[in-house]
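There are 2 protein chains.
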Amino acid sequence: MIKNDIVQVIEKKTGFSRMKALKMVELILNSMKEALSNNEKIEIRGFASFKIVPKKSGFGRDIRRKKQIRIKGGKRVKFRPGQDLKKL
Amino acid sequence: MIKNDIVQVIEKKTGFSRMKALKMVELILNSMKEALSNNEKIEIRGFASFKIVPKKSGFGRDIRRKKQIRIKGGKRVKFRPGQDLKKL
DNA sequence: TTGGACTATGTCATTTTTGATCATCCGCAT
DNA sequence: ATGCGGATGATCAAAAATGACATAGTCCAA
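Residue numbers (our numbering), protein chains in the order written: chain A, 15 to 102; chain B, 15 to 102.
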């Protein structure tokens, strides 16, 4: 499923034009991205929760050169599936 | 951020009633849940991708009894943040 | 429709998650 | 506004993800 598939669902279920449906999807995704950008957690019961956690990883590996690589800290988005997504 | 926060964004940006805005959010989340239920992966460029992967974990732990617990296989939803969510 | 931009894949060592359970906290439907 | 059902945190050991990079594959804006 890609973004356009979701847009089509909106079109069918609401009768909106493709552009209007696309706008709906973008609005929702953008508001979620913005919340995460502000280090805010998101919790949607029955779907999932997302939250920002500090990144501590220290090493990785460059396969080609077969040597370790230093990984800088930062932030990560932690995802946790909600109940509905656990019953799969 | 909770579901209602997203609904409010839709209300403001579109002028929809709360109920209509809520319906939009539900429609989108449900279509995503349904896709995952069908073992379908979801890929939204710039946001994130979700896909179903087999659960292989074999052990867990019961704190109270302090002993290992066998964990049965199943499915998991793997989440990968898109580019926009990595620039946080 | 097309190509530019973004994602998947494969690799290794270290970091992080997983999973059951209970109590506490909180989303959100009524 | 309330309460019910769902989510979080803590715990430990084993299992899986992370991260850089190049290539192949694909999403999606114009």
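Beta carbons: idealized from backbone N, C-alpha and C, even for Gly.
| Residue range of the alpha helix (DSSP H) that includes Glu48/B | By 1-based counting over the second sequence, the position of residue 48/B is 34. Its alpha helix (DSSP H) spans residues Arg32 to Ser51.
| said: Please classify Ser31/B as buried or exposed, where buried requires at least 16 neighbouring CB atoms within 10 angstroms. | reply: For this step, residue 31/B is matched to residue 17 along the second sequence. So Ser31/B ends up on the exposed side.
| field | DSSP three-state assignment for Lys55/B, whether helix, strand or coil | value | By 1-based counting over the second sequence, the position of residue 55/B is 41. If DSSP states are grouped into helix, strand and coil, Lys55/B belongs with coil.
| Separation of Gly88/B from Lys37/B, as counted between CA atoms | By one-based count along the second sequence, residue 37/B stands at place 23. By one-based count along the second sequence, residue 88/B stands at place 74. Cα to Cα, the separation comes out at about 31 Å.
| said: Could you compute how far the alpha carbon of Gln22/B sits from the alpha carbon of Ala35/B? | reply: Here the question's residue 22/B lines up with position 8 in the second sequence. Here the question's residue 35/B lines up with position 21 in the second sequence. So the two alpha carbons sit approximately 8 Å from each other.
| Start and end residues, beta strand (DSSP E) containing Ile66/B | By one-based count along the second sequence, residue 66/B stands at place 52. From DSSP, the beta strand (DSSP E) with Ile66/B extends over Ala62 to Lys69.
| message | With distance defined between alpha-carbon atoms, name the residue in Lys69/A, Ala49/A and Lys26/A nearest to Phe61/B. | response | As a working note, residue 61/B is residue 47 in the second sequence. Answer by Cα proximity: Ala49/A.
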